[in-house]
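Since the structure comes first, as C-alpha cells, the remarks are kept for the end.
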Amino acid sequence: MPKKSNPDYKDKVFALLDCYENGRELFRKADEAKTWDYPITLKDEHKNDPKLPDNWLGLVERVISIIAKEKYNLSTYDNRIEIITAGQMMDAIANIGLPIGYEHWSFGKNRIAQEKQYDAGGGMAYEIVINSAPSIAYCMEGNTPLMQILVIAHACFGHNNFFHDNYLFKEHTDAHSIFDFSLNLRNLIRACEDKYGIQEVEELIDSCHALKYHAINRTAPPPRKTAAELEEKARQNYLERASQKPTSSIYSKILPKEDFTKAANDNDNDGGINLGMEENILMFLANNAPHLPEWKRDIMRGIAGIQQYFYPQGLTQVMNEGWASSWHYTLVHDLSDLGLLNDSMMMEFSDSHTSVLFQPKFDETRTIMGPDGQPKKVNIYNGINPYALGFGIFADIKRICMEPTEEDKKWFPDIAGNGDWLSTWKFARDNFKDESFILQYLSPKLMRDFEFFAIHDDAENEYFEINAIDSKEGFENVRADLSAQYRRSDIIPRIGTFKYYDKTDRRLVLRHIEQDGKPLDKKDTDAVLKHIYRLWGHPVIIETVDEDMEKTKGRLSCPENIFSLRRR
Amino acid sequence: MSTIVDRRTESGNGKYITSRQRFLRKNKEGIRKAITKKIADSNLDNLDKGGVDVNVPRDGIHEPMIHHGQGGRNSNVRPGNKQWNTGDKVAKPPGGGGGSGSGEGDPSADGEGEDNFQFHLSEDEFLDILFEDLDLPNLSKQNDSQSAQTRPAFSAHVNEGIFRNLQMQHSKKKQIVRHSISHKKNDAQILELLIQQREVIAPYDPEFDADNDRFLVRLEKKQLRKDKLLFAQNEVDRLKENYLSVLSTEDKQSLQDIEDQIAEIRGKKSLTPKWNEKNDLIYKKYKQVPQPIAKAVMFCLMDVSGSMSEQRKANAKTFYWLEKQFLDRKYGKDNVDIVFIRHTTTADEVDEQTFFYDRKSGGTIVSSSIQLMEKIMRERYPIDQWNIYAAQASDGEDWDKDAEVCVDLIEKLLPDLQAYFYTQVAEFDHNYQPLWPAYKKLREKHPDQFFMGKIKEPKDILPIFRDFFQKTDTGATMLKGPSASFFGTDQSYGTTSFEEQQPSISTSPLKFDVA
C-alpha cells in the first residue's frame, strides 16, 4: 500500500520558510525584483544551520521537494541544478545530452545547427535533465524567477521521478554508473586518438553512429553482477581457457565455440551458417567481426552502451514530457494555494504553460514576414506535440478517476470513478511506454478534443483513406494508428543478422523484415552498408523479406552487385 | 541532498570546442575554397573583419542511417479534423510529396532540406586555417652571438641559493628519505630490545609456548618497520599490564634496564635535526642564455609608377596584408614594425595611406628603393635586434641596366635578411620586364632566402603566399616539387598546393570515402 499523503506538509513548508527573514514573501519578492538570484537571509537563530539552503534556487527546490515528497510521495534521485548560459545550453544539446560527451565532428555540426536555429529566433530549451544520480538539471540563466520554479518542478521532480520509477529506465539504465561510463568512453576515445590518430578513430565513430539505431538490446539485460560474481566468472573463464588447447581455427575468433557448433548443425544447404536474428548489429560486429583490433571493439561496445542508455528515452517521450508537465502544473498550483505566488506569476505561468503545450492543427498557418518583406503564410504544424498529448492524457486520467462520464465508465470500467487519481497516475508511470500508454489510456473525449484523424497512404492507391473518430471502430482504429506511430519497430526498420558464409567469401547476410510493404531508402542504406563492410571486412548484404519471411523482395550489398551464391 | 551550481563563469566549454574543430577539419576543403574566394573578392579593410561564411555541400556531412523510403502502406494520425468521416477518400496531391510522412521521426532528417550547410568562421578561426601548415623561413636569427638579449633558463638543482628558488617539494622528499635511512638502525635496535623485554615477561603468560611462539611468526609477517615496532610495543604493553605485578624483582630490574636503553635510543632519534640545511634544501639554479630575437620588421617596397594600375596595387596590397598578419601571429602584434617604401625613379618612405592610395607617376628605377631600404635598415633596425623581411611588388618593368644593380644590392643585403619576397603583379608577361630573369638567377643561388612569384589575378595570391611559406621538415622554406613548372612556363599556378594539403587518402582496401 502506498503511503498516505502527509497533511502536515503545509506546516513543514511554512516552518522552513519561517527560518528566513520575510520567508513567506521570498517567492513574490524575487518576482518583483525580476531575479532568481534574489538574496535571502536566515534569521539569527538559524544562522549556522548548514542544512538550510543559502540561496533562492535552493530554497525553491527545498519547498517543492517538501510538497512532492510529503504530499504526493514522489521519490527522486538527488538533484544537482546547474545554472548555465545559452551557449552552454547549446553545447549540452549538441552533445546529445550526455553528461560527459566524447568528441566527434557530428556534435560540432549539431552545435552549429543549434546556433543557427537560435540566431534565427527559434526557441531555446528552458532546461535539460539528465538521467543520472544525482540527476543533473541544466537551467538557463535567462529564465525569470517563475520560469525557474516551473523548470525545477518540471525537471527536478517530474522527469527525475519518471527516470527513477518507470520500468524501462529501471531495466535498461543505471543512473549511478552513467558518469563513469561516459567518462571512461571519452577517455578511451581520447587515448585511441593519441595512439592511432584522429582520422582512424573518427571513421570508426562515423560507422558506429551510422548503426546507432541498430545497437540496442530490446530485452532488458540481466541484473548487474556483483563484484564476487564477476570474480567467479573471470576465474571460470580463466580455467576454461587454460584447459583448452590453443587453436588456430578462424571460427573460434568469429563465434563463441558453443554458438559455432550450434550454427554448424543448423546449416542450410547453401553452405551458410545461421546466425539467428540478432538485432543489435553494432554489438554483434564488435564481438564477432573477424579483423577488428581490440580497441575498436571497445569503442564500439561503448557507443552501443550509450545507445542502450538512451533507448528508454526514445520509447517514453510522450509519457515523460506528459508526466513532467503534469507535475509542474500540479506543483505550481500547490505553491499558489499556499499563497507563495502572486497573480502576475500565475499569469506568467499560464502563458508559459499553454505555449509549451500548444498543439497546432495539421493545416494551421501563421502569417510571418518573409525575407523579402512581404507577409507570408507558413504552415506551423510540426507533428504531434508530445507535451500536449502526454499532459492531455494524464489530465484526462485524473478526470476519469474523479468525475467520470457515462462514456468513460464504458471505456475505462477499471479506473472510472475510483477516486484515487494519484495511484492511477503512478501505476501508469511505472508500467507503460508511449505505445502501450496511448493504447491503454487515450480516451474518446481526448481524441475529440484533439480532433484526431488517421490518413492511410497505400502506395498502390491513388487516394488517401481517412479514419475518423465518428464511430466505435473509428475510435479504435485511430487510437491503434496513433499508438503505432510511437512503436519503435514501425519507425526504425527491423534489421538483424541472418547468415554467415564461412566457406566462400565470408560474406555476412543481414535480413530486413519488411513491415507494411515499406522499402528501405536505397541511398542511405547503401551508405550504411559501406560502414558495415568496413567493420566486417568482407562483403555484406541486406536481404529484404516480406512479413512472413518467405519471399525475398530485394537485396542491397556492399561491394555493389556481388553475386548470390549458388545452392549446393 | 540537492546542490545548486553556477557554471556560467566556466570558461570555454571543451566538449564543444574540440568537436567544432573536428567539424572544421572535416570541411577543410570547403573552408579553403571560401577563404580563397574571400581574399580574391574583398578589399583589405574588411578582409579579416567578421570572419567568413562557409557553404559546404550537405552530402559531405550527412550521417546516413537505415530508414524507410517512399512507398508501402503508411498511416499517420494528425490533429484538427474538420470535414472528414471514416472511409472518406482524398485524392493524393500531384507529385506524391506532401501527403503522409513516410518517415515521421525519420532518424536521418537533417531538418532544413537545403543543399548546402552554412556556417560561420570567426576571425581567429579564419586566420588560423589560412596560416595552417605555414611557417616563416628563418623565423629567427640562428646565430646566438648576434643576439643582444638574454633570458634566465633553468640549468640545475643545487644545494645553495636564494629563498625564491627554493624547491619545497624536492627538499621535503629528500629530508624524508634521509630521516628514514637514519632511523633504520635505531628502529632495529628498539625492536630487538622490545623482543628482549618480551622474553623477560612472556614466561609469566600462561598461554606462552616457547616451542611454537606465535608472536614471532606474526612479527615476521609484518612488512613495514613501523608496523613491526607497533606490534611489538603493543605486545609488551599488554604483557606489562597483565603481569607486571607478579614479576620477580630481578626480572623487574632487567625490564627497567632495557626500558632505559630504549628511552636512550628514542632520545637519540628525536635529536635528529629536522632539516639539514646543507643536504636537504634544494634550489633551482638559472643561467643566462641568449634569447632569440623576437622582433621583426617588414619592408614593403612597391613600384608606384604610371604602369602600376589600381588592380595591380590591390593585389600587391593583399599580399602585404597577408604577410603582415602572418608576421603578427608569429612574432606577436606589438613586435612587428612595418616600413613602406614607394618608388618611381626615386624612392621615399611614406605612411600606409599614401603608400596605397596616393597616385604618383613617372619612370621606374627599382634600385632606388632597395638603396633606401638599406639606409633605413642600417639606421633604425640593427641586425642584432631585428629579424628583417623584405617584400617587393612590381610589374616587372625597370630601366635596362638597373635590374643588374638591384640583384647586386639584394645579394649584398641577403646575409642580414631573413627572407626577401618578390611578387610580379602584372596581368601578362611581355618583353619589358627585365627584373624577372635577373631575379631568377638570384633565386637559384639563394633558394632558402629569396622567393619570387607571379600574381596575375586575385585568385593567384593565396597559392603563391602558401607556396612562399610552405613548411619544410628542416625548418627552412623552399619551393618544392610542383613549383618547378612555375618557373619554366608561364602557366598560372592554380591551386595545386591546396590539394597537397588534403589528408592523403589511404590505400588500404577496407577504407573508402562515404559519398
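Those protein sequence lines, which keep their order, are chains A and B.
Going by my numbering, the first sequence runs without a break in its numbering and finishes at 568.
Going by my numbering, the second sequence runs without a break in its numbering and finishes at 1083.
The C-beta atom is built at its ideal place from N, Cα and C for all residues, glycine as well.
Note that the C-beta distance between Cys558 of chain A and Lys530 of chain A is below 8 Å.
With three or more CB-CB distances shorter than 8 Å, the segment 278-297 of chain A counts as touching the segment 534-541 of chain A. Chain B places no beta carbon closer than 8 Å to that of Val356 of chain A, leaving this residue out of the contacts. Following the DSSP letters along the chain, one finds Tyr988 of chain B inside the beta strand (DSSP E) bounded by residues Ala987 to Gln992.
Separation of Ala864 of chain B and Ile956 of chain B (C-alpha to C-alpha, rounded to the nearest whole angstrom) is 6 Å.
Those residues of the segment 108-126 of chain A placed with their C-beta closer than 9 Å to a C-beta in chain B are Gly108, Lys109, Asn110, Arg111, Ile112, Ala113, Glu115, Lys116 and Gln117, ordered along the chain.
Between Ser739 of chain B and Ile850 of chain B, the C-beta spacing is below 8 Å. Just so you know, the alpha carbons of Leu869 of chain B and Val857 of chain B end up roughly 36 Å apart. Residue contact with chain A for Pro647 of chain B: present (Cβ-Cβ distance below 8 Å to some residue of chain A). Under the 8 Å criterion on CB atoms, Ala459 of chain A is classed as interfacial with respect to chain B.
The Cβ atoms of Arg555 of chain A and Tyr584 of chain B lie no closer than 8 Å to each other. Beta-bridge annotation (DSSP): Asp871 of chain B is paired with B:His911. Nearest in C-alpha terms to Met346 of chain A, of all of A:Lys410, A:Ile149, A:Ala527 and A:Arg488, is A:Ile149. Distance from Ala971 of chain B to Leu1003 of chain B at the Cβ level is roughly 5 Å; contact confirmed, criterion being Cβ atoms closer than 8 Å. Inside the segment 741-806 of chain B, DSSP marks whole alpha helix (DSSP H) runs of 4 or more residues at positions 782-789, from first to last along the chain. Bridge pairing for Met300 of chain A: absent [DSSP].
In terms of CA proximity to Ala388 of chain A, A:Ser326 leads the group A:Cys401, A:Ser326, A:Val378 and A:Phe432.
Per DSSP, Ser557 of chain A is one residue of the beta strand (DSSP E) stretching across Thr552 to Cys558. With respect to Phe452 of chain A, Leu482 of chain A sits close: the two C-beta atoms are nearer than 8 Å. When C-beta atoms of the segment 18-33 of chain A are compared with those of the segment 42-52 of chain A, three or more pairs fall below 8 Å, so the two segments count as touching.
The bridge partners DSSP lists for Asp457 of chain A are A:Phe464 and B:Asn642. Using a Cβ distance threshold of 8 Å, Gly639 of chain B and Lys551 of chain A do not count as a contacting pair. If one requires a minimum length of 4 residues, the alpha helix (DSSP H) runs lying completely within the segment 151-187 of chain A are 160-165 and 167-172, in chain order. Under the DSSP assignment, Thr604 of chain B falls in the alpha helix (DSSP H) whose first and last residues are Lys596 to Asp609. Taking 8 Å as the upper bound for CB-CB distance, Ala602 of chain B and Tyr463 of chain A are not in contact here, some 48 Å apart. At a beta-carbon threshold of 8 Å, the residues of chain A lying near Asp656 of chain B are Glu465, Ile466 and Ala468, ordered along the chain.
When DSSP states are grouped into helix, strand and coil, Glu82 of chain A belongs to the strand group. With distances taken between CA atoms, Lys790 of chain B lies nearest to B:Leu759 out of B:Leu759, B:Val768, B:Gln764 and B:Pro771.
Chain order gives the chain A residues near Ala659 of chain B as Glu462, Tyr463 and Phe464, where near means a beta carbon separation below 9 Å. Residues of chain A with a Cβ closer than 8 Å to the Cβ of Glu631 of chain B are, in chain order, Ser106, Asp206, His209 and Ala210. Asn733 of chain B is outside the set of residues whose beta carbon lies under 8 Å from a beta carbon in chain A. Listed in chain order, the non-local C-beta contacts of Val918 of chain B below 8 Å within the same chain comprise Phe908, Ile909, Arg910 and Asp926, local neighbours out to five positions each way being set aside. Taking 8 Å as the CB threshold, Ser570 of chain B lines the interface with chain A. For a cut-off of 8 Å, the C-beta gap from Asn143 of chain A to Val151 of chain A is around 6 Å, short enough to register as a contact.
Neighbours of His635 of chain B in chain A, taken as residues at a C-beta separation under 9 Å, are given in chain order as Tyr213, Ile491, Ile492, Pro493, Leu520, Asp521, Asp524 and Thr525. Around the CB of Asp627 of chain B, fewer than 16 other CB atoms lie within 10 Å, so the residue is classed as exposed.
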